[in-house]
DNA sequence: TCATTTACGCAACAAAGTTGCATAAATATT
DNA sequence: AATATTTATGCAACTTTGTTGCGTAAATGA
Ligand SMILES: [Mn+2]
Ligand SMILES: [Mn+2]
Ligand SMILES: [Zn+2]
Ligand SMILES: [Zn+2]
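Residue numbers (the numbering used here), protein chains in the order written: chain C, 177 to 313; chain Y, 177 to 313.
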C-alpha cells in the first residue's frame with residue numbers, strides 16, 4: 177500500500193517525515209531499528225522526530241515492535257496484506273539471522289496455541305527464531 | 177546450587193562480584209536487567225564490571241539472555257534444575273507481565289517444534305509471552 | 001486566506017553500553 | 001608460604017540510545 181494511504185487509514189497527518197519512513201520500510205521488506213532509519217534518512221528527518229514517528233506508528237498500529245536480544249528493538253510494517261487478511265493478528269513469528277543480524281516477519285506462520293502453566297493470563301505472543309537466513313546460507 | 181559451585185562448574189574464578197550477582201539471582205527467581213542488579217549491588221560492584229560479569233556468565237552458560245521489547249535485555253539463570261535435567265536446552269518460554277514488567281522463565285514449558293517456511297535454518301527459539309502474572313491478576 | 005491543531009527541529013539531558021589502562025585479587029608455581 | 005602469573009576490577013572517558021521542553025513550521029479545517 178502507498179504511504180499516503182497508510183497514513184490516512186490510520187488517522188495520521190500526511191507529513192514528509194512519515195512518508196519517508198514508510199518508503200524506507202516498503203523498500204526493504206525487513207525489520208528496521210531506529211538507528212538504521214536514522215542513517216538512511218540522515219539530513220532528512222531529525223533523530224528525535226524519528227523516535228516520535230516510530231512511537232506514533234506503533235500506537236496507531238502502522239508498525240509493530242519486535243523484541244531483540246541486542247542493542248535495540250526493531251520495527252516492521254503491520255499486516256503487509258491488510259487488504260486481504262483484514263483481521264490480522266500480530267501473533268506471527270519473526271526470524272533473525274545470526275550472520276547478518278537482519279530480522280524478518282514470517283507472516284505466513286502463526287504461533288500455535290499452547291497450554292501455558294497456571295496463573296498466567298497470556299494476551300501477547302512473540303516468537304523470535306534465530307538461525308541463518310537465505311542470503312547467508 | 178550454591179554460587180561457588182556454579183562458578184567452579186563453569187570454569188570461572190571465584191570473585192566477590194560474581195558471587196554477589198549469583199546470590200542476587202538466586203534470591204529473586206525472576207529475570208534481572210543490568211540496571212536492577214546495579215541498583216541492588218550499588219557500592220558493591222562497579223557498573224562496568226557488572227556488564228563484564230553478565231557477558232562472561234552468558235558466554236559460559238551461567239545465564240541466558242531474554243530479548244525484551246523495552247529498554248534492555250534481561251538475564252536469568254540457566255537450567256535451574258541442571259542436576260536433574262542434564263540435557264537442558266534453553267528453548268523454554270518466558271513470560272513478561274505487562275503490569276509489573278517482571279519476566280519469568282517458564283521452565284516446564286518447552287517450545288514445540290514447528291514447520292518453518294523454506295530457506296530459514298532455525299537454531300534458536302525465543303518465545304516471549306505477555307500478559308498478567310499471578311501477583312498482578 | 002486565516003485560525004487551529006499537530007508535528008518538527010534543536011538543545012539539553014538521562015540512561016545504556018563500550019574501551020583502555022593501571023591496580024587489585026585470584027590462581028598457579030616454586 | 002612466598003612469589004610469579006593470570007585474570008578481574010574500578011575508574012575515567014567516550015559512544016550510543018532514548019527522553020523532555022519549547023519555540024517554530026507545517027498540515028488541516030474553516
Ligand atoms: Mn512482524
Ligand atoms: Mn529462561
Ligand atoms: Zn543473514
Ligand atoms: Zn505482574
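Each residue gets a CB set at the ideal place from its N, CA and C atoms; glycine is no exception. These numbers were taken from a predicted model, which means no experiment stands behind them.
> Are the Cβ atoms of residue 267 of chain Y and residue 297 of chain Y separated by less than 9 angstroms?
Replying inline: Taking the first residue of the second chain as 1, we reach residue 267 of chain Y at position 91. Taking the first residue of the second chain as 1, we reach residue 297 of chain Y at position 121. Between residue 267 of chain Y and residue 297 of chain Y, the C-beta gap is not smaller than 9 angstroms, which leaves the two residues out of contact.
>> Can you pull out the residues from the stretch 226 to 247 of chain Y whose beta carbon lies closer than 7 angstroms to at least one beta carbon of chain C?
In response: When C-beta distances to chain C are compared with 7 angstroms, the residues of the stretch 226 to 247 of chain Y below that value are 241, 243, 244, 245, in chain order.
>> Please classify residue 249 of chain C as buried or exposed, where buried requires at least 16 neighbouring CB atoms within 10 angstroms.
In response: The residue labelled residue 249 of chain C in the question sits at position 73 within the first chain. Counting Cβ neighbours within 10 Å, residue 249 of chain C comes out buried, since at least 16 surround it.
>> Here's a check: name, in chain order, each residue in its chain whose Cβ is nearer than 6 angstroms to the Cβ of residue 278 of chain Y, leaving out the five neighbours to either side.
In response: Sequence index remark: in the second chain, residue 278 of chain Y carries index 102 (1-based). Within the same chain, Cβ atoms closer than 6 angstroms to the Cβ of residue 278 of chain Y are found at 206, the five residues on either side in sequence being excluded.
>> Please report the distance separating the alpha-carbon of residue 289 of chain C from that of residue 290 of chain Y.
In response: On the first chain, position 113 is the one that residue 289 of chain C refers to. On the second chain, position 114 is the one that residue 290 of chain Y refers to. Going by the C-alpha atoms only, they are around 12 angstroms apart.
> Should residue 210 of chain C be counted as a contact of ligand 2 given a C-beta to heavy atom distance under 8 angstroms?
Replying inline: Within the first chain, numbered from 1, the residue matching residue 210 of chain C stands at position 34. No - ligand 2 has no heavy atom lying nearer than 8 angstroms to the Cβ of residue 210 of chain C.
>> Here's the rule: buried if 16 or more other CB atoms are within 10 angstroms of the residue's CB, otherwise exposed. What is residue 192 of chain C?
In response: To locate residue 192 of chain C, count along the first chain from 1; it is residue 16. So residue 192 of chain C ends up on the exposed side.
> Between the stretch 274 to 295 of chain C and chain Y, which residues of the former have a C-beta closer than 9 angstroms to a C-beta of the latter?
Replying inline: Within the stretch 274 to 295 of chain C, contact with chain Y at the beta-carbon level (separation under 9 angstroms) is assigned to 274, 280, 282, 284, 285, 287, 288, 290, 291, 292, 293, 294, 295.
> Would a check of beta-carbon distances place residue 252 of chain Y closer than 9 angstroms to chain C?
Replying inline: Reading the second chain from its first residue, position 76 is the one you call residue 252 of chain Y. Contact of residue 252 of chain Y with chain C is not assigned, every C-beta pair being separated by 9 angstroms or more.
> Is residue 227 of chain C buried or exposed, if buried means 16 or more other CB atoms sit within 10 Å of its CB?
Replying inline: In the first chain, the residue the question calls residue 227 of chain C occupies position 51. Residue burial is scored here from C-beta neighbours: residue 227 of chain C has fewer than 16 other C-beta atoms within 10 angstroms and is therefore classed as exposed.
> Beta carbon of residue 250 of chain Y: closer than 8 angstroms to some heavy atom of ligand 4?
Replying inline: Here residue 250 of chain Y refers to the residue found at position 74 of the second chain. Residue 250 of chain Y: no, Cβ never under 8 angstroms from ligand 4.
> With a Cβ-Cβ cutoff of 9 angstroms, do residue 251 of chain C and residue 209 of chain C count as a contact?
Replying inline: Position 75 of the first chain, counted from the first residue, corresponds to residue 251 of chain C. Position 33 of the first chain, counted from the first residue, corresponds to residue 209 of chain C. The answer is yes: Cβ separation under 9 angstroms.
> Whose C-beta lies closer than 8 angstroms to the C-beta of residue 239 of chain Y among residues of the same chain, with five residues either side of it excluded?
Replying inline: For the purposes of this step, residue 239 of chain Y is identified with residue 63 of the second chain, where counting begins at 1. Around residue 239 of chain Y: 201, 230, 233, 251, 252, 253, 254.
> Just checking my contact of residue 274 of chain Y with residue 307 of chain Y at CB under 8 angstroms: how many whole Å lie between their CB atoms?
Replying inline: Your numbering for residue 274 of chain Y matches position 98 in the second chain. Your numbering for residue 307 of chain Y matches position 131 in the second chain. With a Cβ gap of about 7 angstroms, residue 274 of chain Y and residue 307 of chain Y count as contacting.
> Is the beta carbon of residue 221 of chain Y sitting closer than 9 angstroms to the one on residue 213 of chain Y?
Replying inline: Reading the second chain from its first residue, position 45 is the one you call residue 221 of chain Y. Reading the second chain from its first residue, position 37 is the one you call residue 213 of chain Y. For residue 221 of chain Y and residue 213 of chain Y, yes; Cβs fall inside 9 angstroms.
>> Less than 7 angstroms between C-beta atoms, sequence neighbours within five positions excluded: which residues of the same chain meet that for residue 198 of chain C?
In response: To locate residue 198 of chain C, count along the first chain from 1; it is residue 22. Only residues of its own chain outside the window of five on either side were considered, and among them 179, 182 have a CB closer than 7 angstroms to the CB of residue 198 of chain C, listed in chain order.
>> Suppose the cutoff is 6 angstroms on Cβ atoms and the five residues either side in sequence are ignored; what does the same chain contact list for residue 309 of chain Y look like?
In response: On the second chain, position 133 is the one that residue 309 of chain Y refers to. Excluding residues up to 5 positions away in sequence, 273 lie with their Cβ nearer than 6 angstroms to the Cβ of residue 309 of chain Y in the same chain.
>> Just checking: is the beta-carbon of residue 207 of chain Y within a distance shorter than 9 angstroms of some beta-carbon in chain C?
In response: Within the second chain, numbered from 1, the residue matching residue 207 of chain Y stands at position 31. Cβ-Cβ to chain C under 9 angstroms: no for residue 207 of chain Y.
> Can you pull the DSSP bridge partners for residue 197 of chain C?
Replying inline: By 1-based counting over the first chain, the position of residue 197 of chain C is 21. Beta-bridge pairing by DSSP links residue 197 of chain C to no other residue.
> Is it buried or exposed for residue 281 of chain Y, if we count other Cβ within 10 angstroms and need 16 for buried?
Replying inline: One-based indexing of the second chain puts residue 281 of chain Y at position 105. It counts as buried.
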